[in-house]
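There are 2 protein chains.
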Amino acid sequence: MTKYELISEEIRKRIGTAYYPEDQPIPDENSLAAEFQCSRMTMKRALDLLVAEGLLFRKRGHGTFIVKAALNKRAINVSGHENRGFTKVMADKNVTSQIIRFDVHFPSEEVAAHLSIDSSAPVYDIVRLRLVEEEPYVLEKTFMPVNVIKGIDEKVLLGSIYSYISNTLHLKVAGAHKKIRAAKSDQLDQQYLGCDQADPVLEVEQVAYLNTGRPFEYSFSHHRYDKFEFSTVEITKTGL
Amino acid sequence: MTKYELISEEIRKRIGTAYYPEDQPIPDENSLAAEFQCSRMTMKRALDLLVAEGLLFRKRGHGTFIVKAALNKRAINVSGHENRGFTKVMADKNVTSQIIRFDVHFPSEEVAAHLSIDSSAPVYDIVRLRLVEEEPYVLEKTFMPVNVIKGIDEKVLLGSIYSYISNTLHLKVAGAHKKIRAAKSDQLDQQYLGCDQADPVLEVEQVAYLNTGRPFEYSFSHHRYDKFEFSTVEITKTGL
DNA sequence: AAGTGGTCTAGACCACGGA
DNA sequence: CCGTGGTCTAGACCACTTT
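Structure below.
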C-alpha cells in the first residue's frame, strides 16, 4: 500500500463518517500535507483518487469540497473501487460456471480482427453461464486464441479462466476495452438467464489484453436487465 | 494547454502514425523527458493520460508499450476524449429539441433524495426528445430543483439546458454520477424514438452536480439500442 | 549491476477568486 | 493582496526484471 493510497483511505473514511462538515471545504492541501506528514504533491495525489471516485471536487481559488450526492450512496465503498471486473467484486461469494458450448475452430474475420490474429490461427469458442450463489448472473460468449491461452479444458472452464491465466499460465492481464449497449435477449439468454422473451439484456463487448500487449479475449457478456447496471463517474475538467 | 497535455498529444499522434514500432517499448521516460525538455514527473504524467485511454500500458522493469488492440480503432481520437457528455461530442452537429412535457411540481421521495432537497422544494419535470441532424437521438426525462436552476422556459428547453446553466446563470457543472442499464422501451420511447415495441433501450440514470457540490439534475436518458453504446477502458492496477 | 517504471520530496511559479 | 488549487522541476529512493 502506498502512502497516497493510505492517506486516501483515511480521508474517505472521514467523509463517510461526516468528520468534515459537508457544506464547507475540507482543509487545504498544505494543512493536510502537514497533518499527514507528506509533501503537497503526495497529498494532492491522495485527493485525486477521491475526486476520480466522485467523492470530492475542487474549486480553484476556493478549496476542495465534498460531493453531496455521494453521501447518499450506501456506505461509500470502503476501498472505493468502482471498476473491478467480475471476479474481484465477487471475492467472497460462491461463483460457479456451467458450460454451454466449448469448441475450437478458425475465427471469423471479425473475431480475427479484434484479437489481432490471422484467420488461420484457431480460437476457442466458449459459451458459459456464470452463477453467483446458484443464481444465473451472466451469459458469456468468449473467443480466445489457442496459441495464446494454451490448455483450456472443461475443468478450467468450470472455475475461473482468469485464475487459470494468472495462476497456471503466469500471464498478466493489463486491461480491457469495453462497449456497453442494450440488446434483445436471444434464445440462449432466455433459456439460461431465465429471462422472458420480451426482456432485454445489457451486453458488454470486451477486448482484453495481456501485459505483452496481445489481445487474448474477445467476448460478449449478457446480463439480465433487472439485475445488473454499470456505474461510472464523469468529472468536468476544471479548465472548461 | 498544459505541457503534459501537449506532450501527450504528440505521443498520441506518434502512436497513430506508427512512428514507434508496435512490438517494442517506446523510449524510456528519462529519454522522452530529455527529448521534450521536461522533468520525468511531467513526462510520466503525459504518458499517464495515454495509459488511461488504453493506448499504452507499462511493465515495471521493462518499459512502456503500445496496446495493439487500440491500433485497430478508427484513427485514435485526435484529442483522445472518451467521456465527454452529449453536447461536447456533438459540437459540429445540428442538435435540436422537442418538448414532450414541461411541468413544475413537488418531488417524489426518490427525486428529492437524489437531488438532496426537501419534498417541499418544487422541481421542474421535463421530458424532451433530442435530435441530431433531424434524427431522434435520445429521450430525456429530467428533474431539476426550481430554486437552483431558475428561469427555465420553453425557449431554454428548445436549446441546450447546459448552455443556459453556464452562459446565462453562470453556474459551473462539476461532474455527474451515472448508472447504465438496459430497459424495456415504454410508450413514449416507441412514439418518439421510433422504436418497435419489442426494442429495448439503453437507460442512463444520472445525478449531475454543480461546483457548489449541489446536485441540480436527476435524469433518465433513453437511447435507441441500435444507435448508442457506451465505451470505457479498464486498467488493471500494476500491483495486482 | 544496470535499466526500467513507481513513489515521494521540498520547493517554485502560475491561475483563479475573494477581501 | 492573500489563499486556494494546478503545474512543473530536479533529484532521491524503491521495486521489479534482465544481464
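Respectively, the protein sequence lines represent chains X and F.
In terms of full-length UniProt numbering, the first sequence is numbered consecutively and its last residue is 240.
In terms of full-length UniProt numbering, the second sequence is numbered consecutively and its last residue is 240.
Note that CB positions come from ideal geometry on N, CA and C, so glycine has one too.
Asked, Found
"Where does residue 198 of chain F sit, in a helix, a strand or coil, going by DSSP?", "coil"
"To be precise: take each residue of the region 191 to 202 of chain F, compare its Cβ to all Cβ atoms of chain X, and keep it if any distance is under 8 Å. Which residues remain?", "198, 199, 200, 201 and 202"
"What is the rounded straight-line gap between the Cα of residue 40 of chain F and the Cα of residue 4 of chain F?", "11 Å"
"Along chain F, which residues have their Cβ under 8 Å away from the Cβ of residue 178 of chain X?", "231, 232, 233 and 234"
"8 Å is my cut-off, CB to CB: does residue 77 of chain F come that close to chain X?", "Here residue 77 of chain F scores only 40 on pLDDT, less than 50, and its place in the model is too uncertain to base an answer on."
"What do you reckon, is the C-beta of residue 124 of chain F under 7 Å from a heavy atom of the ligand GDP?", "Here there are no bound small molecules, and the ligand GDP is not part of this structure."
"How close, in whole Å, do the beta carbons of residue 47 of chain X and residue 97 of chain X come, if the pair is a contact with beta carbons under 8 Å?", "Between residue 97 of chain X and residue 47 of chain X the Cβ distance is about 40 Å, and since that is not below 8 Å, they are no contact."
"Is it the case that the Cβ atoms of residue 215 of chain F and residue 120 of chain F are separated by a distance below 8 Å?", "no"
"Hey, out of F:112, F:128, F:118 and F:110, whose CA is closest to residue 100 of chain F's CA?", "F:128"
"Using the rule of at least 16 other Cβ atoms within 10 Å of the residue's Cβ for burial, across every protein chain shown, is residue 93 of chain F buried or exposed?", "exposed"
"Check whether the region 168 to 176 of chain X touches the region 184 to 197 of chain X, taking contact to mean three or more Cβ pairs, one atom from each stretch, closer than 8 Å.", "no"
"Tell me, please, whether the CB atom of residue 74 of chain F is closer than 8 Å to any CB atom in chain X?", "Confidence in residue 74 of chain F is poor, its pLDDT being 40 and thus under 50, which makes the residue's placement unreliable; the coordinate value appears in the next sentence. No, residue 74 of chain F lies away from the interface with chain X (no Cβ there is under 8 Å from its Cβ)."
"Pair every Cβ in the region 219 to 238 of chain X with every Cβ in the region 193 to 204 of chain X, then say whether three or more of these pairs are closer than 8 Å.", "yes"
"Tell me, please, whether the CB atom of residue 94 of chain X is closer than 8 Å to any CB atom in chain F?", "no"
"Are the beta-carbon atoms belonging to residue 146 of chain X and residue 123 of chain X less than 8 Å from one another?", "yes"
"Taking buried to mean at least 16 other C-beta atoms within 10 Å of its own C-beta, is residue 19 of chain F buried or exposed?", "exposed"
"What does residue 66 of chain F reach in chain X if we use C-beta pairs closer than 7 Å?", "213"
"Excluding the 5 residues preceding and the 5 following residue 130 of chain F in the sequence, name in chain order all residues of the same chain whose CB lies nearer than 6 Å to its CB.", "97, 137 and 138"
"Please go through the same chain and pick out, in chain order, the residues whose beta-carbon is closer than 7 Å to the beta-carbon of residue 68 of chain F, but skip the five residues on each side of it.", "22"
"List the residues of chain F that residue 221 of chain X touches, going by C-beta distances under 9 Å, in chain order.", "None at all; the shortest Cβ gap to chain F is about 12 Å."
"Just the C-alpha distance for residue 143 of chain X and residue 126 of chain X, rounded to the nearest angstrom, thanks.", "6 Å"
"Per DSSP, what are the beta-bridge partners of residue 59 of chain F in this structure?", "F:63"
"List, in chain order, every chain F residue whose beta-carbon is nearer than 8 Å to that of residue 8 of chain X.", "Those do not exist, as residue 8 of chain X stays about 14 Å from chain F at its closest Cβ, beyond 8 Å."
"For the beta strand (DSSP E) containing residue 234 of chain X, name the first residue and the last one.", "230 to 235"
"For the beta strand (DSSP E) containing residue 138 of chain F, list its first residue and its last residue.", "135 to 145"
"With which residues is residue 96 of chain X paired in a DSSP beta bridge?", "X:131"
"Step through the CB atoms of chain X and report whether any lies within less than 8 Å of the CB of residue 57 of chain F.", "yes"
"How many whole angstroms separate the CB atoms of residue 231 of chain F and residue 140 of chain F, which I take to be in contact at a CB cut-off of 8 Å?", "Incorrect: roughly 20 Å between the Cβ atoms, too far for contact."
"Going by DSSP, what residues sit across from residue 210 of chain F in a beta bridge?", "F:173"
"Around the C-beta of residue 217 of chain X, are 16 or more other C-beta atoms found within 10 angstroms, so that it is buried, or is it exposed?", "buried"
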